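Going by numbering that gives the first Met the number 0, 77 is the number at position 78 of the sequence shown; the sequence numbering is gapless. The beta carbon of each residue, even a glycine, is placed where N, CA and C say it ideally should be. Being a predicted model, the structure only gives us computed values, none of them experimental. Read the structure below first, then the notes.
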Amino acid sequence: MVLWRHGRTAWNGEHRFQGHSDIALDEVGRAQAARAAVRLADLRPALVVSSDLSRARDTAAELSALAGLEVAVDPALRETSGGRWEGQYDTELAADPEYLAWRAGADVAAGGAETRSQVATRAAAAVLQAVDQLDDGGLVVIVTHGGTIRCVLGRLLGLPVAEWRIFGGLANCCWSVVEEGRSGWRLTEHNAGSLPEAVLGDDQ
Numbered sequence: 000m001v002l003w004r005h006g007r008t009a010w011n012g013e014h015r016f017q018g019h020s021d022i023a024l025d026e027v028g029r030a031q032a033a034r035a036a037v038r039l040a041d042l043r044p045a046l047v048v049s050s051d052l053s054r055a056r057d058t059a060a061e062l063s064a065l066a067g068l069e070v071a072v073d074p075a076l077r078e079t080s081g082g083r084w085e086g087q088y089d090t091e092l093a094a095d096p097e098y099l100a101w102r103a104g105a106d107v108a109a110g111g112a113e114t115r116s117q118v119a120t121r122a123a124a125a126v127l128q129a130v131d132q133l134d135d136g137g138l139v140v141i142v143t144h145g146g147t148i149r150c151v152l153g154r155l156l157g158l159p160v161a162e163w164r165i166f167g168g169l170a171n172c173c174w175s176v177v178e179e180g181r182s183g184w185r186l187t188e189h190n191a192g193s194l195p196e197a198v199l200g201d202d203q
């Protein structure tokens, strides 16, 4: 499974909290999506599933066109709902103790709206539902949001919420790769912008 973050938006560039606000890709974001889609199409995905927010759907459309696949849209893959924080700049939010706690990894409701554990519950369920549609060895590309990807990774890998911050940030249009094996889910790539390479070594 590839968890692919959408391309850049104007609000990303301005360091504003997006959440459920439906902000479109900017020119840079559209170029990022087109470039990344060429690489991901080489993985021959069997399924593409996207958040319903336009920045994710428009990113997914670039891959869909190359892979010849319809994009399945699932609102459960949306970014964290940020309530009163949405549209505010980082510099404005820095005065809010709840925001600082949230940034530090606390499972508080972002802007009074949604906690990380709530995001994980809805998004991980959507991801697993997509995986269930695959044949053995098949690949699904999930097109979603940076915060959502962190929550999904934390939930699938069985980590406590307080430890989800160990995953570094995910740049616009980069992705994480996870595989399901006999012992559960395993993270094999993070913040990647190139195709996965075969791992040769004793720790496979």
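Worksheet item: Are the Cβ atoms of T143 and V118 separated by less than 7 angstroms?
Response: Against the sequence shown, residue 143 aligns to sequence position 144. Against the sequence shown, residue 118 aligns to sequence position 119. It is not a contact, given that the beta carbons lie outside the stated cut-off.
Worksheet item: Which class does R15 belong to by DSSP, given the choice of helix, strand or coil?
Response: Position 16 of the sequence shown holds residue 15. The answer is strand: DSSP assigns R15 an E or B state.
Worksheet item: Between which two residues does the alpha helix (DSSP H) carrying I148 extend?
Response: As a first step, residue 148 must be located in the sequence shown, where it is residue number 149. Its alpha helix (DSSP H) spans residues G145 to L155.
Worksheet item: Which residue's Cα is closest to the Cα of V70: V140, G180 and E26?
Response: Taking the first residue of the sequence shown as 1, we reach residue 70 at position 71. Cα-wise, what sits closest to V70 is V140.
Worksheet item: Can you tell which of T120, V130, A124 and L155 has the C-alpha that lies nearest to the C-alpha of G182?
Response: Numbered from 1 along the sequence shown, position 183 holds the residue referred to as residue 182. Note that residue 182 is Ser in the sequence shown, not Gly. Measuring from the Cα of S182, the nearest candidate turns out to be L155.
Item to complete: Consult DSSP for V118 and reduce its assignment to one of helix, strand or coil.
Response: Residue numbering aside, residue 118 sits at position 119 when the sequence shown is read from its first letter. Here V118 sits in helix by DSSP.
Worksheet item: Going by alpha carbons, who is nearest to D51 out of A122, V107, A33 and V27?
Response: Here residue 51 corresponds to residue number 52 of the sequence shown, with the count starting at 1. It is A122 whose Cα lies nearest to the Cα of D51.
Worksheet item: Using the beta-carbon count (16 or more within 10 Å), is A125 buried or exposed?
Response: Position 126 of the sequence shown, counting from 1, holds the residue named residue 125. The residue is buried, with at least 16 neighbouring Cβ atoms inside 10 Å.
Worksheet entry | Whether G18 touches S116 by CB criterion (7 angstroms) | The count along the sequence shown starts at 1 and reaches residue 18 at position 19. The count along the sequence shown starts at 1 and reaches residue 116 at position 117. No, the pair does not count as a contact, with Cβ atoms beyond the cut-off.
Worksheet item: What residue range is occupied by the uninterrupted beta strand (DSSP E) comprising T180?
Response: The count along the sequence shown starts at 1 and reaches residue 180 at position 181. Thr is not the amino acid found at residue 180; the sequence shown has Gly there. Start and end: W174 to G180.
Worksheet item: Pick from G86, A100, S20 and V160: whose alpha carbon is nearest that of P74?
Response: The residue given as residue 74 occupies position 75 in the sequence shown. Of the listed residues, the one whose Cα sits closest to P74 is S20.
Worksheet item: Ordered along the chain, which non-local residues of its own chain (more than five positions away) have a Cβ less than 6 angstroms from that of E113?
Response: Working through the sequence shown from its first residue, we reach residue 113 at position 114. If we look at E113 and ignore the five residues flanking it on each side, its Cβ neighbours are T79 and S80.
Worksheet item: Count the other CB atoms within 10 Å of the CB of Q128; is the residue buried (16 or more) or exposed (fewer)?
Response: Counting from one through the sequence shown, the residue named residue 128 turns up at place 129. Exposed.
Practice prompt. Within 10 angstroms of the Cβ of T58, are there 16 or more other Cβ atoms? Answer buried if so, exposed if not.
Written response: Along the sequence shown, one-based indexing puts residue 58 at 59. The residue is buried, with at least 16 neighbouring Cβ atoms inside 10 Å.
Worksheet item: So, using beta-carbon positions, are A23 and S53 closer together than 7 angstroms?
Response: Sequence index remark: in the sequence shown, residue 23 carries index 24 (1-based). Sequence index remark: in the sequence shown, residue 53 carries index 54 (1-based). The answer is yes: Cβ separation under 7 angstroms.
Worksheet item: For E13, which residues of its own chain have a beta-carbon under 8 angstroms away from its beta-carbon, when the five flanking residues on both sides are left out?
Response: Taking the first residue of the sequence shown as position 1, residue 13 is located at position 14. These residues qualify, in order along the chain: Y88.
Worksheet item: Along the chain, where does the beta strand (DSSP E) that runs through T187 open and close?
Response: Counting from one through the sequence shown, the residue named residue 187 turns up at place 188. G183 to A191 is the span of the beta strand (DSSP E), which, as asked, contains T187.
Worksheet item: Between the segment 186 to 196 and the segment 161 to 176, do at least 3 Cβ pairs fall closer than 8 angstroms?
Response: yes
Worksheet item: Hey, quick one: how far does the beta strand (DSSP E) through V70 stretch, first residue to last?
Response: Numbered from 1 along the sequence shown, position 71 holds the residue referred to as residue 70. Here the beta strand (DSSP E) through V70 covers V70 to V72.
Item to complete: Could you check what DSSP says for T8 in three-state terms: helix, strand or coil?
Response: The residue labelled residue 8 in the question sits at position 9 within the sequence shown. If DSSP states are grouped into helix, strand and coil, T8 belongs with the strands.
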